[in-house]
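Everything below concerns the one structure shown next.
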Amino acid sequence: MRIISGKYRGKVLKEFELNSTKPTLDRVREAIFDSIQFEIRKAKVLDLFSGTGAMGIEAISRDAEFVVMIDNNNKAIDIIKKNLVGIDGNYKVYFDDALSFLKNTNEQFDIIFLDPPYNSDYYVKCINEILSKNLLLPNGKLIIEKSKENKLLFDTTKFNVKTKHYGKVEVLICTKD
Numbered sequence: 179m180r181i182i183s184g185k186y187r188g189k190v191l192k193e194f195e196l197n198s199t200k201p202t203l204d205r206v207r208e209a210i211f212d213s214i215q216f217e218i219r220k221a222k223v224l225d226l227f228s229g230t231g232a233m234g235i236e237a238i239s240r241d242a243e244f245v246v247m248i249d250n251n252n253k254a255i256d257i258i259k260k261n262l263v264g265i266d267g268n269y270k271v272y273f274d275d276a277l278s279f280l281k282n283t284n285e286q287f288d289i290i291f292l293d294p295p296y297n298s299d300y301y302v303k304c305i306n307e308i309l310s311k312n313l314l315l316p317n318g319k320l321i322i323e324k325s326k327e328n329k330l331l332f333d334t335t336k337f338n339v340k341t342k343h344y345g346k347v348e349v350l351i352c353t354k355d
């Protein structure tokens, strides 16, 4: 796994094997960032379920203004910190449960990455918390990575939703109206 573009293009990221962690494939991450390339610069970004930190570090590499990375696994936090060595930018890494973080923050973001374990109930819970606390700025993007088989039911009337497929992975780019 590597950083695709920007200031840290080509930087190889450390990975680890955990059943609960599934890093976003390089080609999927590249497609996601290509679709938001004009919004990422100077954006405030939240990476929930950060895993290796690849999404957050990619955002830093592409000049995001500020990035917050959240994970509730100690091994993931250790890997994120190792992957951030040599990375300059305005970022914070929190060892926290994503839903707990959302409930306890009032910070608003331009882009929120949501990629929990595929068969978890975190998707709808996190989306509902983001909406109820208004954590996504107007015209902000909620980017959801999920399995194609996972039927995700949430109030899409709050968003303009574009769906993209990459093998067994489905990415929803939800722009807040």
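179 is the number of the first residue of the sequence shown in my numbering; add one for each residue after it.
Every residue, glycine too, gets a C-beta built ideally from N, C-alpha and C.
Query raised in the report: On the three-state DSSP scale, how would you describe L280?
Result: helix
Query raised in the report: For M233, which three-state DSSP category applies?
Result: helix
Query raised in the report: Can you tell me where the alpha helix (DSSP H) with D249 in it begins and where it stops?
Result: Careful: D249 lies outside any alpha helix (DSSP H), inside the beta strand (DSSP E) at F244 to D249.
Query raised in the report: Does the region 246 to 258 touch the region 221 to 229, meaning 3 or more C-beta pairs lie closer than 8 Å?
Result: yes
Query raised in the report: Quick one: any contact between the region 312 to 325 and the region 234 to 243, if contact means 3 or more CB pairs under 8 Å?
Result: no
Query raised in the report: Of all the options G267, N268, N252 and A221, which has the alpha carbon lying nearest to the alpha carbon of P316?
Result: A221
**Report entry** Residue from G318, F287 and I308 with nearest C-alpha to F332
**Finding:** I308
Requested in this report: Using the Cα positions of E348 and D293, report the straight-line distance between them to the nearest angstrom.
Outcome: 11 Å
**Report entry** Neighbour-count burial assignment, K319, 16 or more Cβ in a 10 Å radius
**Finding:** buried
Query raised in the report: When burial is assigned at 16 or more other CB atoms within 10 Å of the CB, is S239 buried or exposed?
Result: buried
Query raised in the report: Per DSSP, what kind of secondary structure is R180 in: helix, strand or coil?
Result: strand
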